[in-house]
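Residue numbers (my numbering): 88 to 557. For reference, the structure is listed below as structure tokens.
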């Protein structure tokens, strides 16, 4: 069968309708696939101190995350190719198998070099999983049901943000970090078996050539931007970021024709989907400075220990889900208002953090973080749902599959720009309370401008193609 909508007419639009008939197993499986990837991210972040204590490689500590991000973006951008060649079921399972190989290799890694290789492979598999999941959402759900399943996926990320550090903390506390990767392996095997049994076979067998030049340029772009943070010299950082932007521009220039890894006219402010992709990019870039530098502020200026810092970041994730779930099911007009105002709320919240850092009480700061998360959640789910509904039929699949790649690009570029600003503001000189107090308002000030630009893009998106029903 081609998709569930062909066998089961959509007879409802409520939360319970996602779980009626065969659609229920798809909903569970999609969230399992996303959950495996999400839990792995949070688990590994928690155990990395234990990893470097055993196998060394402290100087490459941040590379485990950076190379995973590179792999994720390239994997997500490869989703359309994998789907067209392997088909729906095999493409989805292939992502799981690559992810499993990466996780198993990390679990057995004798040194940091091997760990980095398999961490990149794992990221590639995770990117394929995210891409294929988004494509399946587009295949299997329509209208309000699609928005609701996207909301459940967001909730899965929030749950992973709570469960992941807990799992990682357990393995780290007993001194066996490899158990964290083995846990990922077990969860991935469960997912692979379920996907093979549940996902219907679909189209496949296309003879498209792998767009390796574009994928290589895309990977180099992210690698250059990520590597910029390794240099204290501002000129070098700027050079690496500009080189990364150039490689991304070249990727998009070459990405034309019927076998594109991104939708046509991607990042064009004169095209509805191109503008929606700007929203994806700016949304991810908006919250990244908050998640990177808020722990530093909480530790240095407020004296919180790592456990409480983790709880504060969990508040952001939960608030994101609240913003998503709380606005799902609103009227068409209400949805437009929520989508446009969400990032404006985030902008105002981060601006408040920039203006009151250290002087605000911890409860006031928690309120600002909560509001920022709610705003991101409001825009995130509705902008993605709108883009999937607005895409032309021949662009629907690539619009869905490439969305995770663009969001991850936003994270990479947001982190690089925030790091550049922090460095220029004096953070490279140390992390004393005085330096942090002077530098972070500049970082969060930048963080407040980005979602404001994203909010304007939402307005532009709706104006370019009015009447799209989600």
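Beta carbons: idealized from backbone N, C-alpha and C, even for Gly.
Legend entry - C-alpha gap between residue 432 and residue 305, whole angstroms: 32 Å
Inset, instruction - Please confirm whether residue 117 and residue 223 have their CB atoms less than 8 Å apart. - result: yes
Legend entry - Nearest residue (CA-CA) to residue 519, options 546, 250, 348 and 384: 384
Legend entry - Local Cβ density within 10 Å of residue 137, reported as buried at 16 or more and exposed below that: buried
Inset, instruction - Grab the span of the alpha helix (DSSP H) containing residue 106 for me, first residue to last. - result: Careful: residue 106 lies outside any alpha helix (DSSP H) and carries neither H nor E.
Legend entry - residue 534 classed as buried or exposed, judged by whether at least 16 other C-beta atoms fall within 10 angstroms: buried
Inset, instruction - If I'm right that residue 210 touches residue 134 with Cβ under 8 Å, what's the distance once you round it to whole angstroms? - result: That pair is no contact at about 17 Å.
Legend entry - residue 93 - DSSP class collapsed to helix/strand/coil: Low local confidence applies: a pLDDT of 44 at residue 93 is under 50, so the model's placement there is unreliable, with the coordinate-based value given in what follows. Of the three classes helix, strand and coil, the one that applies to residue 93 here is helix, per DSSP.
Legend entry - Whole runs of the alpha helix (DSSP H) within the region 125–164, excluding any shorter than 4 residues: 150–164
Legend entry - Cβ pair residue 214, residue 162 closer than 8 Å: yes
Inset, instruction - Taking only runs that begin and end inside the region 357–414, name each unbroken alpha helix (DSSP H) of 4 or more residues, in chain order. - result: 359–387 and 393–414
Legend entry - Collapsed DSSP secondary structure at residue 481 in the structure displayed: helix
Inset, instruction - For residue 553, count neighbouring C-beta atoms within 10 Å of its own C-beta (all shown protein chains included) and say buried if the count is 16 or more, exposed if not. - result: exposed
Legend entry - Inter-stretch contact (C-beta, 8 Å, three-pair minimum) for the region 361–380 and the region 529–549: yes
Legend entry - residue 401 beta carbon less than 8 Å from that of residue 564: Since the first and last residues shown for the chain are 88 and 557, residue 564 lies out of range.
Legend entry - Own chain, CB closer than 6 Å to residue 96, minus 5 neighbours either side, in chain order: For residue 96, the predicted structure reports a pLDDT of 40, less than 50, and the residue's modelled location is therefore unreliable. The matter cannot be settled from this model.
Inset, instruction - Measure the alpha-carbon distance for residue 111 versus residue 555 and round it to whole angstroms. - result: 26 Å
Inset, instruction - Would you kindly work out how many angstroms separate the C-alpha atoms of residue 530 and residue 103, rounded to a whole number? - result: 43 Å
Inset, instruction - Report the residue from 469, 324, 318 and 160 whose alpha carbon sits nearest the alpha carbon of residue 218. - result: 160
Legend entry - Whole runs of the alpha helix (DSSP H) within the region 433–485, excluding any shorter than 4 residues: 449–477
Legend entry - Environment of residue 143 [buried if 16+ CB atoms lie within 10 Å]: exposed
Inset, instruction - Check each candidate in 196, 275, 129 and 333 and name the one with the smallest Cα separation from residue 43. - result: Residue 43 is absent from the model: the chain starts at 88 and stops at 557.
Inset, instruction - For the alpha helix (DSSP H) holding residue 177, just list the boundary residues, first then last. - result: 175–194
Legend entry - From 239, 198, 286 and 447, residue whose alpha carbon lies closest to that of residue 84: Residue 84 falls outside the range modelled here, since the chain spans only 88 to 557, and no answer is possible.
Inset, instruction - Assign residue 550 to buried or exposed, taking buried as 16 or more other Cβ atoms, counted over all protein chains shown, within 10 Å of its Cβ. - result: exposed
Inset, instruction - Specify, as a first and last residue, the run of the alpha helix (DSSP H) that residue 273 falls within. - result: 265–285
Legend entry - Nearest-angstrom Cα separation, counted from residue 120 out to residue 272: 13 Å
Inset, instruction - Check residue 350 in the structure and name its three-state DSSP category. - result: coil
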